[in-house]
């Protein structure tokens, strides 16, 4: 397993992709998960894209990219044919640079609760879109790895992936976003692990509110996640899995005491809900005991003032634990972008 960073973490430093890669190398990380390809070049200029990939290879860093367009046809103002065309172009451009595991998402979270199209319909139509992308994905030995982005549960994404085919769809597992749906992080990792190829690696605490609970993101090792259990689960299926730390602040609210919220989580069992409520209470006790900073007060410190310290803390924690568990990278490094990938599992 390798420990890198999702470059969203570095957003406030105002660095271009090459500066980001140099900073990532200087800070002792192993790679970069970048945002959408069109953020590098709106025209998908191959020269620029290959220069970025080449610099990552030169520094010995892994690199991955995201598709710039949502995979949910209900969350774009593009006509259906144009939506497909743009996604196909990005898949082809990424493959030309040796990027085959592509981060994607279906929404930002609120669409599950507020969009006029019911969430099950959005999931079904998103699966249909990815199925239409199947020929270009298979041609280039590529896959769209959907993030647990606060929108979809691991239950839902497992069904979607198995429906369209795990050769063209997988998980970008955000280890703490599963907490948006009262999913136990260890159980969520077990469900996602067979299909997980990318990660947004983060820790978090959760604490009670009048309507449910709130969640605060923290660097790995400072929150409530049981990494000693989660990492071996993921490594069993993907020994060279990139653990890309995505760090940010912000408090997120989840209204799990609301009947409407509960009705939109039919897969959530009583046992898992109870286990998650136990996790929330354990965090609450740590806050009351002063073991964790009071969340609202901690949020007042700008993330940019702490980004390097938080990132270094997470990297140090994860790398030490990976060594202790014997989970150092046992996979084969990705080939330079000039080489194709054949017979990938």
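Numbering (this note's numbering), first residue to last: 20 to 364. C-beta: ideal position from N, C-alpha, C; glycine also.
Given residue i as reference, the closest of the options once Cα atoms are compared
i: residue 84; options: 219, 285, 291, 234; result: 219
i: residue 285; options: 86, 23, 172, 35; result: 172
i: residue 19; options: 280, 38, 275, 175; result: Nothing about residue 19 can be read from this structure; the chain reaches only from 20 to 364.
i: residue 69; options: 112, 229, 191, 301; result: 112
i: residue 280; options: 57, 129, 20; result: 129
i: residue 278; options: 132, 63, 79, 101; result: 132
i: residue 166; options: 123, 207, 106; result: 123
i: residue 398; options: 298, 57, 147; result: For residue 398 there is no data in the structure shown, the boundaries of the chain being 20 and 364.
i: residue 116; options: 157, 73, 102, 98; result: 73
i: residue 242; options: 251, 305, 184, 99; result: 305
i: residue 77; options: 151, 106, 37, 221; result: 37
i: residue 216; options: 135, 107, 118; result: 118
i: residue 35; options: 49, 67, 134; result: 67
i: residue 107; options: 163, 31, 135, 206; result: 163
i: residue 100; options: 253, 148, 63; result: 148
i: residue 62; options: 89, 105, 49, 301; result: 105
i: residue 185; options: 161, 207, 206, 208; result: 161
i: residue 263; options: 301, 344, 337, 31; result: 337
i: residue 321; options: 246, 253, 89, 269; result: 269
i: residue 32; options: 343, 207, 342, 323; result: 323
i: residue 135; options: 252, 93, 143; result: 93
i: residue 206; options: 325, 253, 343; result: 253
Where the alpha helix (DSSP H) through residue i begins and ends
i: residue 180; result: 173-183
i: residue 130; result: 130-133
i: residue 144; result: 138-151
Nonlocal neighbours in the same chain, by C-beta distance under 7 Å from residue i, ignoring five residues either side
i: residue 91; result: 125, 126, 141, 145
i: residue 198; result: 204, 223, 225, 234
i: residue 51; result: 23, 24, 26, 39, 40, 43, 75, 80, 82
i: residue 375; result: Shown here, the chain extends from 20 to 364; a query on residue 375 therefore has no answer.
i: residue 150; result: 183
i: residue 315; result: none
i: residue 329; result: 238, 266
Cut-off 8 Å between Cβ atoms - residues of its own chain near residue i, not counting five sequence neighbours on either side
i: residue 327; result: 46
i: residue 27; result: 54, 265, 267
i: residue 180; result: 165, 188, 189, 190, 214
i: residue 425; result: Absent from the model: residue 425. The displayed extent of the chain is 20 to 364, so no value can be given.
i: residue 310; result: none
i: residue 95; result: 88, 89, 102
Residues of its chain near residue i, where Cβ-Cβ distance is below 6 Å and the 5 sequence neighbours each way are ignored
i: residue 177; result: 210
i: residue 29; result: 39
i: residue 182; result: 146
i: residue 153; result: 187
Presumed contact (8 Å Cβ cut-off) between residue i and residue j, rounded CB distance
i: residue 244; j: residue 294; result: 13 Å between Cβ atoms; not a contact.
i: residue 332; j: residue 238; result: 5 Å
i: residue 23; j: residue 81; result: 6 Å
i: residue 59; j: residue 43; result: Incorrect: roughly 16 Å between the Cβ atoms, too far for contact.
i: residue 87; j: residue 109; result: 6 Å
i: residue 292; j: residue 201; result: 5 Å
i: residue 273; j: residue 231; result: 5 Å
i: residue 138; j: residue 287; result: Their Cβ separation, rounded to whole angstroms, is 14 Å, which puts residue 138 and residue 287 out of contact at 8 Å.
i: residue 21; j: residue 258; result: Wrong, their Cβ atoms sit about 10 Å apart, outside the cutoff.
i: residue 114; j: residue 159; result: 4 Å
i: residue 221; j: residue 236; result: 5 Å
i: residue 346; j: residue 250; result: 6 Å
i: residue 156; j: residue 334; result: Not really, about 32 Å apart at Cβ, beyond 8 Å.
Beta carbon proximity, residue i to chain B, threshold 9 Å
i: residue 257; result: Looking for chain B here will not work: only one protein chain is present.
Beta strand (DSSP E) segment containing residue i, residue limits
i: residue 125; result: Here residue 125 belongs to no beta strand (DSSP E), and DSSP marks it neither H nor E.
i: residue 166; result: 162-166
i: residue 25; result: 21-25
Sequence ranges, beta strand (DSSP E) only - wholly within the region 254-326, length at least 3: 261-264, 270-273
Inside the region 30-100 only - beta strand (DSSP E) runs reaching at least 3 residues: 50-55, 81-85
Beta strand (DSSP E) runs wholly inside the region 191-245, at least 3 long, in chain order: 215-219, 222-227, 232-237
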